[in-house]
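K.L.:
Handing you this structure, nothing more for now.
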């Protein structure tokens with residue numbers, strides 16, 4: 625493809641069916657963890673999030689959304 629030949633930039637996050645740019649994952653084998661003000665997610669690694677208080681209990685699923693305002 626053109627990306628691996630260094631002719632284009634990385635592929636964009638897009639979908640033909642849904643215009644909401646999001647990623648959802650479920651908790652399996654303790655793959656979701658909170659490390660300081662970051663969350664460890666499969667496929668994404670460490671992602672910063674606004675942590676206003678400590679997370680109590682287990683995290684069953686996580687959704688990351690990207691919006692145009694940042």
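In our numbering, the protein residues as written are 625 to 694.
Glycine is no exception: its CB is placed at the ideal position from the N, C-alpha and C atoms.
1) Mind checking which residues open and close the beta strand (DSSP E) that includes residue 685?
2) Count the C-beta pairs between the stretch 640-651 and the stretch 683-693 that are closer than 8 Å, then say yes if the count reaches three, no if not.
3) Helix, strand or coil, according to DSSP, for residue 677 in the structure here?
4) Can you tell me where the beta strand (DSSP E) with residue 634 in it begins and where it stops?
5) Return no unless some Cβ of chain B is closer than 8 Å to the Cβ of residue 671.
P.N.:
On the basis of the coordinates in this document:
1) Within the chain shown, the letter at position 61 stands for residue 685. Looking at the DSSP string, the run of the beta strand (DSSP E) that includes residue 685 is 685-690.
2) yes
3) What you label residue 677 is simply residue 53 of the chain shown in a count that begins at 1. Correct three-state label for residue 677: coil.
4) Stepping through the chain shown from its first residue, residue 634 is reached at position 10. Careful: residue 634 lies outside any beta strand (DSSP E) and carries neither H nor E.
5) No chain B appears in this structure, which consists of one protein chain only.
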